[in-house]
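Asker: I have a structure I would like to understand better, so I am pasting it below and will then ask my questions one at a time.
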Amino acid sequence: MRVPFNRVTSRTAVDSARSTLAALTVSIGTVGLAAAAARPGLLALVDQHAAAIRDSLDGDRRPLTAATLAGYAEGVRSAALEHGWVPPSGPVDWSRPEWLLTRLLAVCALARSLDPA
Numbered sequence: 122m123r124v125p126f127n128r129v130t131s132r133t134a135v136d137s138a139r140s141t142l143a144a145l146t147v148s149i150g151t152v153g154l155a156a157a158a159a160r161p162g163l164l165a166l167v168d169q170h171a172a173a174i175r176d177s178l179d180g181d182r183r184p185l186t187a188a189t190l191a192g193y194a195e196g197v198r199s200a201a202l203e204h205g206w207v208p209p210s211g212p213v214d215w216s217r218p219e220w221l222l223t224r225l226l227a228v229c230a231l232a233r234s235l236d237p238a
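Number 212 in this note's numbering belongs to position 91 of the sequence shown; there are no gaps in the numbering.
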């Protein structure tokens with residue numbers, strides 16, 4: 122069955138941003154935030170990273186959005202990959218997480234706080 126062109130919905134920037142954040146949440150956010158809830162030191166570290174992200178995105182003056190958070194996460198990840206970072210192939214040891222994973226986990230924490238609309 123062919124769908125007429127005018128009935129195909131294009132993917133919007135908001136949909137793309139939400140998809141990026143959802144993929145990040147599935148890959149590290151769910152497990153990482155559960156680990157942070159059980160480890161006060163990790164939670165404090167994630168909070169510090171979240172504050173730094175908020176500052177870098179001027180989050181005190183403009184509300185954070187899915188698009189800004191997704192763009193930030195993609196930029197950090199791309200830069201890390203260009204510098205030789207290799208994503209973990211198995212479970213992450215959240216007792217001693219690397220800087221990049223903590224930063225991305227902070228993005229997940231901030232994304233959770235966004236309005237669902």
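Where is the CB? At the ideal position from N, CA and C, for every residue including glycine.
1) Is it the case that the stretch 221 to 230 contacts the stretch 143 to 154, given that we only count it when at least three CB pairs across the two stretches are under 8 angstroms?
2) Does the distance from the C-beta atom of R224 to that of H170 stay below 8 angstroms?
3) From L221, S140, R183, G192, pick the residue whose C-alpha is nearest to that of L166; which is it?
4) Judging by CA-CA distance, which residue of V135, G150, L235, L185 is the nearest neighbour of P212?
5) Are the CB atoms of L235 and L178 within a distance shorter than 8 angstroms?
6) In chain order, what residues of the same chain lie with their CB nearer than 6 angstroms to the CB of A157, ignoring the 5 residues before and after it?
7) Is it buried or exposed, G196, if we count other Cβ atoms within 10 angstroms and call 16 or more buried?
8) Would DSSP call P212 helix, strand or coil?
9) Give the secondary structure of P184 by DSSP, where H, G and I count as helix, E and B as strand, and everything else as coil.
10) Rounded to whole angstroms, what's the CA-CA distance from A155 to T133? Just pull it up for me.
Answerer: The answer reads as follows:
1) At 8 angstroms Cβ cutoff, the stretches touch.
2) R224 is a Cβ neighbour of H170, given a cutoff of 8 angstroms.
3) If we check each option's Cα against that of L166, L221 comes out closest.
4) From the listed residues V135, G150, L235, L185, the smallest Cα separation to P212 is found for G150.
5) Result no, Cβ atoms of L178 and L235 do not sit closer than 8 angstroms.
6) Cβ-Cβ distances below 6 angstroms link A157 to L163, L164, V167 in the same chain, with the five nearest sequence neighbours on each side left out; the list follows chain order.
7) By the C-beta density criterion, G196 is exposed, having fewer than 16 other C-beta atoms within 10 angstroms.
8) The answer is coil: DSSP assigns P212 none of H, G, I, E or B.
9) Coil.
10) Approximately 31 angstroms, taken between the alpha carbons.
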